[in-house]
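**Q** One structure is given below, represented as structure tokens, and several questions about it will come after.
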Amino acid sequence: MRAVSEFIYFVLDSLPPAIKDTGLILWARNRLRHREVLRRTRPLVTRPAYRKKIESQEFRVIFVSPIYKSFPVLAVSLLEQTYENWELLFIHDGPSSELGELERNIIASDNRIRFFETKSRANDWGHTPRQKGFEQVCDHIAGEFIVVSNSDNYHVPGYIEKMLEAFDDTTDAVYCNMSHDYYSWRNFDTRLEYSFIDCGCVMARREIALAAGWNDNSYEGDWKYVSDLIDQCGKERMQKLDATLFVHS
């Protein structure tokens, strides 16, 4: 069956862009890619504790991300996810008048993507927009899990599904390995230490993430968030998923 799927994908991918990137052909290519992602990552978690809830897409995962007149790679990566019950909250750092038409069209293409802007630009590594995002989630957005990322980050198609599979009743947060441009795009083995993890690697239960909050507007704000998650639940309730599911740009 795998050989048949690979052959079909090869044939579809060989078509001219005007054909392969539209309609049913694009849908079929994406489904075949998703199946291959799931096949390759199936051994990561052999017996997920929440299998039925994941299969029924019961959990909602909220992504909080700043954006500043940049191409929304994050949105594109979420549109490719094998798990579809997610919501993305983009908070533009200041007025969004300089955001391009293509970027606006991508953001407006799916009702799971929400867009807000702050009154003025903070220019503090996206931390003020993240704080505003946490306020929005707390007051207006339902969901069981939270991921804090950046607009130019990429989460591989199986990211949400595999991270959820790593949770059980004794786990409050899950983190994965990543690829990082600072390290020449090689796989980076993350750990719960300063300079060894990015917040985009971490998925936390809603109540833990909101209790931790976003409390630091300095360059080290990303690590402070992870550190605050550790303070909230303890390292023993943070599970490592030993796979590179996140690309930090």
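Last residue of the sequence shown: 250 in this note's numbering, with the numbers rising by one and none dropped. Don't be surprised by glycine CBs; every beta carbon is placed ideally from N, CA and C. It should be emphasised that the depicted structure is a prediction, and the values quoted were computed from it without experimental measurement.
#1: Check the DSSP bridge columns for R113 and list the partner residues they point to.
#2: Measuring straight from C-alpha to C-alpha, what distance separates I114 and Q132?
#3: Just the Cα atoms here: how many angstroms apart are D111 and S150?
#4: Kindly provide the ranges of any alpha helix (DSSP H) runs that are 4 or more residues long and lie completely inside the stretch 159–244, ordered along the chain.
#5: In the DSSP assignment, find the unbroken alpha helix (DSSP H) run with L79 in it and report its ends.
#6: Expressed to the nearest angstrom, what Euclidean distance is found between the alpha-carbon atoms of L45 and D223?
#7: Using a Cβ-Cβ cut-off of 6 angstroms (strictly less than) and excluding sequence neighbours within five positions of S15, which residues of its own chain qualify?
#8: Tell whether a beta-carbon distance below 9 angstroms holds between H156 and Q240.
#9: Since I believe G201 is in contact with F247 (beta carbons under 8 angstroms), could you give me their beta-carbon distance rounded to a whole number of angstroms?
#10: Where DSSP assigns a beta bridge to V62, which residues make up the other side?
#11: With a CB to CB cut of under 6 angstroms and the five nearest residues on each side skipped, what residues in its chain are close to R187?
#12: Helix, strand or coil, according to DSSP, for G246 in the structure here?
#13: When you compare only the Cα positions, how much space is there between D125 and L27?
#14: Figure out for me which residue from S152, S219 and S180 has the closest Cα to the Cα of Y69.
#15: Let me make sure I understand the geometry here. Which of E145, L80 and G127 has the alpha-carbon closest to that of E59?
#16: With distances taken from CA atoms, which of S6, Y195, H181 and P49 is nearest T171?
#17: CA-CA distance, Y220 and L13?
#18: Cβ of L89 within 9 angstroms of Cβ of L75?
#19: Round the Cβ separation of P73 and I107 to the nearest angstrom and send it over; I've been treating them as touching at under 8 angstroms.
#20: Can you tell me the Cα-Cα spacing of R30 and D22, whole angstroms?
#21: For H1, which residues does DSSP report across the bridge?
**A** Answer, in terms of the structure:
#1: Here residue 113 refers to the residue found at position 112 when the sequence shown is read from its first residue. Paired residues: none, contrary to the question.
#2: Taking the sequence shown and counting its residues from 1, the one referred to as residue 114 is at position 113. Taking the sequence shown and counting its residues from 1, the one referred to as residue 132 is at position 131. Going by the C-alpha atoms only, they are around 18 angstroms apart.
#3: The sequence position of residue 111 within the sequence shown is 110, counting from 1. The sequence position of residue 150 within the sequence shown is 149, counting from 1. Rounded to whole angstroms, D111 to S150 spans 18 angstroms at the Cα level.
#4: 160–166, 207–213 and 222–234
#5: Taking the first residue of the sequence shown as 1, we reach residue 79 at position 78. Taken as a continuous stretch (DSSP letters only), the alpha helix (DSSP H) holding L79 covers V74 to L80.
#6: Here residue 45 corresponds to residue number 44 of the sequence shown, with the count starting at 1. Here residue 223 corresponds to residue number 222 of the sequence shown, with the count starting at 1. Whole-angstrom Cα-Cα distance: 26 angstroms.
#7: Numbered from 1 along the sequence shown, position 14 holds the residue referred to as residue 15. Contacts found: none.
#8: If you number the sequence shown from 1, residue 156 lands on position 155. If you number the sequence shown from 1, residue 240 lands on position 239. No.
#9: Residue mapping note: residue 247 aligns to position 246 of the sequence shown, counting from 1. Residue mapping note: residue 201 aligns to position 200 of the sequence shown, counting from 1. F247 to G201, Cβ: 5 angstroms. Contact.
#10: Here residue 62 refers to the residue found at position 61 when the sequence shown is read from its first residue. DSSP lists W87 and F146 as partners of V62.
#11: One-based indexing of the sequence shown puts residue 187 at position 186. No residues qualify anywhere along the chain.
#12: Residue 246 sits at position 245 when you count from the first residue of the sequence shown. Inspection of the sequence shows that residue 246 is occupied by Leu rather than by Gly. Residue state, collapsed to three classes: strand.
#13: For the purposes of this step, residue 125 is identified with residue 124 of the sequence shown, where counting begins at 1. For the purposes of this step, residue 27 is identified with residue 26 of the sequence shown, where counting begins at 1. If I take the Cα positions, the gap works out to 39 angstroms.
#14: Within the sequence shown, numbered from 1, the residue matching residue 69 stands at position 68. Checking every option, the nearest Cα to that of Y69 belongs to S152.
#15: Here residue 59 is taken as the residue at index 58 of the sequence shown, counted from 1. Checking every option, the nearest Cα to that of E59 belongs to E145.
#16: The residue labelled residue 171 in the question sits at position 170 within the sequence shown. If we check each option's Cα against that of T171, P49 comes out closest.
#17: Walking along the sequence shown from the start, residue 220 turns up at place 219. Walking along the sequence shown from the start, residue 13 turns up at place 12. Between Y220 and L13, the C-alpha separation is close to 45 angstroms.
#18: Taking the first residue of the sequence shown as 1, we reach residue 89 at position 88. Taking the first residue of the sequence shown as 1, we reach residue 75 at position 74. For L89 and L75, yes; Cβs fall inside 9 angstroms.
#19: Position 72 of the sequence shown, counted from the first residue, corresponds to residue 73. Position 106 of the sequence shown, counted from the first residue, corresponds to residue 107. About 5 angstroms separates the two Cβ atoms, so the contact holds.
#20: As a first step, residue 30 must be located in the sequence shown, where it is residue number 29. As a first step, residue 22 must be located in the sequence shown, where it is residue number 21. Their backbone Cα atoms lie some 9 angstroms apart in a straight line.
#21: Residue 1 falls outside the range modelled here, since the chain spans only 2 to 250, and no answer is possible.
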